[in-house]
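Numbering (this note's numbering), first residue to last: 751 to 1052. Cβ atoms here follow ideal geometry from the backbone N, Cα and C, with glycine treated the same way. Below: one structure, written as structure tokens.
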Ligand code: KPL
């Protein structure tokens, strides 16, 4: 996808733009739009037109300032909220908005890819544990999480806080990203395999699997810089699962919609780390194989 940069006929500069019109992107956009202008960049012009007609987010009908990739506005700051398979395209679009900075809030570890696509622009990756899911045209926010951003992005924290999100600057964003990876490693594949909302993962029988995944994951993530022992790691995962109890994890949503999942960007990335460290992680390996079996044979990043 070749993004078209903003032209002189379309000069309004949004304080914030979101690249990605999935459940989470629209959840963020709806709340931000209640307190100021926000642009949403959809995957194509047809989707943008549909969004401009309105979308239901929770109890609110929301007319989105939506744009396709060939009619881009300008923006001060850009948040990327697309699936990991679409990162490079999304980052190129984000850069074409001519912002002060591009912030990925995606799952997985996408920071290198985003930086590469953004060139000299300030670009980094924060984390969010906000949850939302989509049923047809209805987006349902499901459990307030928190959003942590690197120090250079305090302006984004201000915008998010004004919209009522729990957001803050996190000086050790590398550790925060590893903590989010831990959460995704345990919650996402199990939610997809057992087809349950996040809260059910803390109860038997799935709890056993959750504990096994955390037990294998924490030594690997610790060696990468996440200062958590086994019980703290488990408490972190259970805390997020309970805070987003009614949410369908994004991997479950992908499986139910017949889409490709983010298993390679989550468990695949983790298995590479474990391999480099020479640590055996058979349960994660099994989970990767099982989730791949649920995916459609052809790539489909819609
Ligand atoms: O990031 C998430 C996801 O679903 O991808 C969590 C935090 C697990 C919330 O569901």
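Quick one, are the C-beta atoms of residue i and residue j less than 9 Å apart?
i, j, result
"residue 881", "residue 891", "yes"
"residue 932", "residue 1006", "no"
"residue 844", "residue 868", "yes"
"residue 802", "residue 785", "no"
"residue 988", "residue 960", "yes"
"residue 1013", "residue 1042", "yes"
"residue 838", "residue 866", "yes"
"residue 771", "residue 812", "no"
"residue 780", "residue 808", "yes"
"residue 1002", "residue 1018", "no"
"residue 849", "residue 917", "no"
Identify, in the order they occur along the chain, each residue of the same chain with its Cβ nearer than 6 Å to the Cβ of residue i, setting aside the five sequence neighbours on each side.
i, result
"residue 855", "829, 831, 876, 878"
"residue 816", "790, 792, 798, 801, 802"
"residue 787", "764"
"residue 884", "773"
"residue 912", "785"
"residue 924", "975"
"residue 864", "841, 854, 873"
Roughly how many angstroms separate the alpha carbons of residue i and residue j, rounded to a whole number?
i, j, result
"residue 984", "residue 887", "35 Å"
"residue 758", "residue 952", "Unreliable positioning characterises residue 758 in this predicted model, as indicated by a pLDDT of 47, which lies under 50. The coordinate reading is nonetheless provided below. Distance between the alpha carbons of residue 758 and residue 952 is about 53 Å."
"residue 927", "residue 972", "12 Å"
"residue 851", "residue 955", "44 Å"
"residue 861", "residue 938", "20 Å"
"residue 795", "residue 1010", "23 Å"
"residue 1023", "residue 930", "15 Å"
"residue 826", "residue 804", "24 Å"
"residue 958", "residue 897", "28 Å"
"residue 775", "residue 806", "13 Å"
"residue 1047", "residue 1004", "14 Å"
"residue 974", "residue 1031", "15 Å"
"residue 1035", "residue 762", "48 Å"
"residue 910", "residue 1021", "33 Å"
"residue 969", "residue 824", "44 Å"
"residue 1000", "residue 903", "25 Å"
"residue 1029", "residue 907", "37 Å"
Would you say residue i lies against chain D (beta-carbon separation less than 9 Å)?
i, result
"residue 920", "Of the chains in the structure shown, none is chain D; there is only one protein chain."
Just to confirm my understanding: we take residue i, look at its own chain, exclude 5 residues before and 5 after, and list those with CB closer than 7 Å. What are they?
i, result
"residue 1050", "Caution is warranted here: a pLDDT of 49 is assigned to residue 1050, below 50, making its placement in the model unreliable, and the coordinate value is therefore given only provisionally. Hits under 7 Å: 1009, 1010."
"residue 840", "769, 770, 830, 832"
"residue 996", "892, 893, 947, 949"
"residue 986", "929, 932, 933, 978"
"residue 1045", "1010, 1011"
"residue 1040", "943"
"residue 914", "781"
"residue 834", "856, 857, 858, 860, 1012, 1015"
"residue 810", "780"
"residue 901", "919, 921"
Contact defined as beta carbons within less than 8 Å: I believe residue i pairs with residue j. What is the distance between those atoms, to the nearest angstrom?
i, j, result
"residue 1033", "residue 980", "The pair is not a contact, with the Cβ atoms about 14 Å apart (cut-off 8 Å)."
"residue 859", "residue 874", "That pair is no contact at about 12 Å."
"residue 941", "residue 872", "That belief does not hold up - the Cβ atoms of residue 941 and residue 872 are roughly 34 Å apart, past 8 Å."
Take residue i and list the residues in its own chain whose beta-carbon comes closer than 8 Å to its own, dropping the five residues that flank it on each side.
i, result
"residue 990", "879, 895, 933, 937, 948"
"residue 993", "879, 893, 894, 895"
Review point. Where the beta carbon is closer than 6 Å to any heavy atom of the ligand KPL, which residues qualify, in chain order?
Key: Around the ligand KPL, the residues selected by a Cβ distance under 6 Å to any of its heavy atoms are 857, 879, 881, 933, 934, 937, 938, 948, 990, 994, 997, 999, 1000, following chain order.
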